[in-house]
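Listed below in structure tokens is the structure:
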């Protein structure tokens, strides 16, 4: 059994197989509803069911309250249709030439770029057309069926390669990738996923990253450079100490080569006594020190979910940022 879903106000339509979530059905037909974690924990995919019946599945009450459910809200990554539906999702796009797919990828290069970050370069099969928006992510499928999500740090046109930045957190895959993974190893991947991508506008931008949240930001910067960008970009990258900014030299060089970028590294645990004369404290608070009014800006934030949530709240409440211009991909 299948159900038809109409998306307002775009008028786009897609079908969902019985047992599929709304997001799964949309992505399988090349329609991108807003999403990030796909696990019902971030709330990015929250939208409204205008007409029809759904099963809310595993939607957490902390993310989607009973009141919101009564008013028609749903988490599209969890909700399953029980009839034909009409939904309201104002920011939706067709994934032109992009489809979610599973494939193998071979590790061809590995660089331990810092004491806890490794850069992996994965080669895709020559015949595959694995297109994606800079800023999106893939999932690596482990032998036990579990998955780990990592954003691409490069453009899709770069030699059919995917570059991933992985911090060794001591987890099942991250420690294996850092310590044991050998070149020529085959990995199973699925993607692309996520709605963290550049919007088409002329507004100045703040890019905000913590840790390996720099990876998708790097892809966005390269996309802008390849399109002869003229929009001002204020790039903030936060870490505890300087070695946490594992591509600090690359970022400095990039900013020197592109006049539209202003780069501000921010360290939370290394002040003047540590030989650091730059910005200190929490990275999103440095943005507020530099900009009291973000009403004309777009913000792209990626990294620790605590940083992302604090930045969203403070930028909207304290610096007049329009809530719909804060685009984020938090590491859940």
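Residue numbers (our numbering): 1 to 332. Just so you know, even glycine gets a beta-carbon here, dropped at the ideal spot from N, CA and C.
Helix, strand or coil for residue i per DSSP?
| i | result |
| --- | --- |
| residue 272 | Here residue 272 scores only 49 on pLDDT, less than 50, and its place in the model should not be relied on; the value that follows carries that caveat. Correct three-state label for residue 272: helix. |
| residue 46 | strand |
| residue 240 | coil |
| residue 3 | strand |
| residue 61 | coil |
| residue 174 | helix |
| residue 28 | helix |
| residue 377 | Lying before the first or after the last residue shown, residue 377 is absent from the chain, which here runs from 1 to 332. |
| residue 205 | strand |
| residue 116 | coil |
| residue 23 | helix |
When the Cα of residue i is compared with those of the options, which residue comes out closest?
| i | options | result |
| --- | --- | --- |
| residue 257 | 183, 12, 226 | 226 |
| residue 196 | 92, 254, 329, 154 | 329 |
| residue 117 | 235, 3, 247, 229 | 247 |
| residue 192 | 291, 36, 175 | 36 |
| residue 179 | 66, 54, 120 | 120 |
| residue 133 | 307, 100, 165 | 100 |
| residue 209 | 312, 249, 302 | 302 |
| residue 17 | 9, 27, 8 | 27 |
| residue 185 | 124, 240, 326 | 124 |
| residue 146 | 189, 80, 279 | 189 |
| residue 91 | 110, 56, 65, 10 | 10 |
| residue 281 | 275, 215, 292, 269 | 269 |
| residue 235 | 310, 284, 181, 202 | 284 |
To which residues of the same chain is residue i closer than 7 Å at the C-beta, ignoring the five residues directly before and after it?
| i | result |
| --- | --- |
| residue 63 | 40, 41, 43, 75 |
| residue 114 | 243, 246 |
| residue 45 | 23, 33, 34, 35, 75, 76, 77 |
| residue 175 | 168 |
| residue 211 | 167, 239, 244, 303, 304 |
| residue 292 | 319 |
Less than 6 Å between C-beta atoms, sequence neighbours within five positions excluded: which residues of the same chain meet that for residue i?
| i | result |
| --- | --- |
| residue 272 | Note that residue 272 scores a pLDDT of 49, beneath 50, so its modelled location is shaky and nothing firm can be said. |
| residue 316 | 323 |
| residue 20 | none |
| residue 312 | 326 |
| residue 109 | 121 |
| residue 295 | 320 |
Starting from residue i, trace the beta strand (DSSP E) both ways and give me its first and last residue.
| i | result |
| --- | --- |
| residue 111 | 101–112 |
| residue 138 | 137–141 |
| residue 152 | No beta strand (DSSP E) contains residue 152, which DSSP labels as neither H nor E. |
| residue 199 | That residue, residue 199, is in no beta strand (DSSP E); it is neither H nor E in DSSP. |
| residue 86 | 85–88 |
| residue 14 | 13–17 |
| residue 165 | 161–167 |
What first and last residue would you give for the alpha helix (DSSP H) that runs through residue i?
| i | result |
| --- | --- |
| residue 41 | Counting along the chain, residue 41 falls outside any alpha helix (DSSP H), and DSSP gives it neither H nor E. |
| residue 265 | First-last for residue 265: 261–267, but that is the beta strand (DSSP E), not the alpha helix (DSSP H). |
| residue 220 | 214–226 |
| residue 255 | 248–257 |
Excluding the 5 residues preceding and the 5 following residue i in the sequence, name in chain order all residues of the same chain whose CB lies nearer than 8 Å to its CB.
| i | result |
| --- | --- |
| residue 15 | 2, 3, 4, 5, 25, 29 |
| residue 142 | 148, 172, 173 |
| residue 56 | 64, 69, 74, 75, 78, 79 |
Establish whether the CB of residue i and some CB of chain B are separated by less than 8 Å.
| i | result |
| --- | --- |
| residue 225 | Within the model displayed, chain B is absent; a lone protein chain is all it includes. |
Review point. Which full runs of the beta strand (DSSP E) of 3+ residues lie inside the stretch 273–311, going along the chain?
Key: The stretch 273–311 contains, as complete beta strand (DSSP E) runs of 3+ residues, the segments 298–303 (chain order).
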